[in-house]
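The structure under discussion appears below in the form of structure tokens.
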Amino acid sequence: MKLLECSRDELLLPLQTVSGIVERRHTLPILSNVLLDRSEDGLTLLATDLEIQVCCKTSFGSQAGAFAITTSARKLQDILRALPVDAKVSLESNANRLQLRSGRSRFTLQTLPADDFPRLAAGSDHVGEVVVSQGALRPLLMLVQYAMAQQDIRYYLNGLLLSVEGHELRVVATDGHRLAFARTSLESEHPRHEVVLPRKAVLELSKLLGESDAPVRIALLGNQVRFDFGAVELFTKIVDGKFPDYGRVIPAGHSNIITLDRAGLLQALQRAAILSNDKFRGVRWLLTKDSLRISCSNTEQEEAQEEIELDYSGAAIDIGFNVNYLLDVLNALSGSQVTCAFGDASSSVLMTDPGLDSFKYVIMPMRI
48 MKLLECSRDE LLLPLQTVSG IVERRHTLPI LSNVLLDRSE DGLTLLATDL
98 EIQVCCKTSF GSQAGAFAIT TSARKLQDIL RALPVDAKVS LESNANRLQL
148 RSGRSRFTLQ TLPADDFPRL AAGSDHVGEV VVSQGALRPL LMLVQYAMAQ
198 QDIRYYLNGL LLSVEGHELR VVATDGHRLA FARTSLESEH PRHEVVLPRK
248 AVLELSKLLG ESDAPVRIAL LGNQVRFDFG AVELFTKIVD GKFPDYGRVI
298 PAGHSNIITL DRAGLLQALQ RAAILSNDKF RGVRWLLTKD SLRISCSNTE
348 QEEAQEEIEL DYSGAAIDIG FNVNYLLDVL NALSGSQVTC AFGDASSSVL
398 MTDPGLDSFK YVIMPMRI
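In this text, residue positions in the sequence shown follow the numbering used here: the first is 48, and each later residue adds one.
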């Protein structure tokens, strides 16, 4: 039975949209599949890992009859990618097989029943809805997502805090050693509500969102959050647990302040990091009058040293950091300068962008 005829990209682009969450190996084989579901409204593609669900609706394919079928997301994507850009594709169903034809090429894929495909049930507890542009939400996520923990036993740190209050949307990520905070304004006022989004959902959102002014509707559904933008709908379960009080972590009143060229500092740290200890990744900053000396060393007694001239007349400070934490934030920022506010050698440091008052980054010192 013929299911569908279309161009390669008409099928490949929505498939790429949903297949990012598909795990290569899974205890449930059907979770490696994508659901292709056609109705009179067009073709819908859906993928899930039971925690996150991504759905992409297309306007093509409404001709002929309805069908629903699941097949391997990765294999179908790899086949379509390998075809010429202008290729025409047809899909046919035969018993438990899906046949893809294009020109003189033919591929036969295994299918599993569409009725067995799991879907996340939409939460009935509708707490509220927030609307923000894609061009505002994506940069916000990019500014903080690198600070999320990975496989921490404090599972709520393996995600990102999304906080709505008044006319502000805030995002916060921390792994216990550093914290990134960013906020943006909302047109309408909202009651206070906070959810922790899982790491995988945050990374997937960052890939799917664009830079346009097109809206993203964020529906808060009790133990779920739904993001609607364009033809895409992303559902995610939220992470249970009490996120740290980030307001208490962000230091205020540090009087030793320096402003540096962001690109110059980034390049100096990248060079120095070549000779840092592979395990601890420590970098030492020695701040004295009008000078910042950066040094790294390793177990082979090798050492790198960089010196940056600056305008500084405060107290001398000798402090250590994980160099990766510095590189992460400098790569995430796009401004020409970065400001660092110090207390003493044992106090956390506040890093900001002078041209971006909606962002703060706190980094704890380390002993070197």
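Heads up, the beta-carbon is just placed ideally off N, CA and C, and yes, glycines get one too.
Measure the CB-CB distance between residue i and residue j and report whether it falls below 7 Å.
i           : j           : result
residue 316 : residue 357 : no
residue 158 : residue 146 : no
residue 331 : residue 342 : yes
residue 319 : residue 362 : no
residue 190 : residue 406 : yes
residue 62  : residue 124 : yes
residue 194 : residue 239 : no
residue 304 : residue 388 : yes
residue 293 : residue 218 : no
residue 253 : residue 182 : no
residue 288 : residue 203 : yes
Straight-line CA distance for residue i to residue j?
i           : j           : result
residue 96  : residue 299 : 42 Å
residue 186 : residue 99  : 22 Å
residue 11  : residue 344 : Not covered by the structure: residue 11. The range shown for the chain is 48 to 415.
residue 104 : residue 395 : 47 Å
residue 78  : residue 375 : 33 Å
residue 257 : residue 180 : 9 Å
residue 114 : residue 280 : 21 Å
residue 264 : residue 336 : 50 Å
residue 56  : residue 65  : 14 Å
residue 208 : residue 251 : 16 Å
residue 233 : residue 404 : 16 Å
residue 142 : residue 50  : 13 Å
residue 381 : residue 227 : 15 Å
residue 107 : residue 72  : 31 Å
residue 163 : residue 76  : 11 Å
residue 215 : residue 308 : 30 Å
residue 235 : residue 398 : 30 Å
residue 349 : residue 323 : 8 Å
residue 174 : residue 282 : 15 Å
residue 370 : residue 409 : 14 Å
residue 122 : residue 81  : 10 Å
residue 275 : residue 169 : 13 Å
residue 134 : residue 54  : 6 Å
Give the range of the alpha helix (DSSP H) segment to which residue i is assigned.
i           : result
residue 125 : 120-129
residue 74  : Where residue 74 is concerned, there is no enclosing alpha helix (DSSP H), given that its DSSP letter is neither H nor E.
residue 23  : Outside the displayed range of the chain (48 to 415) lies residue 23, so it cannot be described from this structure.
residue 373 : 370-379
residue 346 : Element bounds for residue 346: n/a, residue is neither H nor E.
residue 296 : 293-296
residue 424 : This structure leaves residue 424 out entirely; the chain is present only between 48 and 415.
For the ligand SAH, is there a heavy atom less than 6 Å away from the beta-carbon of residue i?
i           : result
residue 414 : Questions concerning the ligand SAH fall outside what the structure shown contains, since it holds no ligand whatsoever.
Find the nearest neighbour of residue i within the set the options, judged by alpha-carbon distance.
i           : options               : result
residue 211 : 79, 414 and 266       : 266
residue 118 : 83, 141 and 168       : 83
residue 70  : 113, 320, 120 and 106 : 120
residue 112 : 127, 89 and 347       : 89
residue 271 : 102, 245, 189 and 296 : 245
residue 152 : 50, 138, 142 and 167  : 138
residue 52  : 149, 91, 289 and 60   : 149
residue 366 : 48, 415 and 306       : 415
residue 346 : 334, 360, 321 and 354 : 321
residue 353 : 381, 288 and 314      : 314
residue 301 : 391, 408, 183 and 101 : 391
residue 48  : 132, 130 and 144      : 144
residue 291 : 127, 222 and 91       : 222
residue 334 : 349, 323, 348 and 360 : 360
residue 230 : 188, 196 and 131      : 188
Ignore the nearest five residues each way along the sequence and tell me which others in residue i's own chain have a CB closer than 6 Å to its CB.
i           : result
residue 401 : 384 and 386
residue 199 : 205
residue 213 : 236
With respect to the beta strand (DSSP E) encompassing residue i, which residues constitute its N-terminal and C-terminal limits?
i           : result
residue 217 : 206-221
residue 186 : Run containing residue 186: none in the beta strand (DSSP E); it sits in the alpha helix (DSSP H), 181-191.
residue 136 : 135-141
residue 263 : 262-268
residue 86  : 80-86
residue 284 : 279-284
residue 256 : Looking at the DSSP string, residue 256 is not in any beta strand (DSSP E), and its letter there is neither H nor E.
residue 234 : 225-245
Suppose the cutoff is 8 Å on Cβ atoms and the five residues either side in sequence are ignored; what does the same chain contact list for residue i look like?
i           : result
residue 393 : 412
residue 160 : 117
residue 284 : 98, 99, 167, 245, 270 and 271
residue 311 : 355
residue 377 : 309, 312, 313, 316 and 385
residue 201 : 223 and 288
residue 364 : 303, 332, 333, 334, 389, 391 and 392
Please go through the same chain and pick out, in chain order, the residues whose beta-carbon is closer than 7 Å to the beta-carbon of residue i, but skip the five residues on each side of it.
i           : result
residue 277 : 261
residue 242 : 209, 267, 272 and 285
residue 184 : 256 and 263
residue 58  : 127 and 136
residue 165 : 95 and 97
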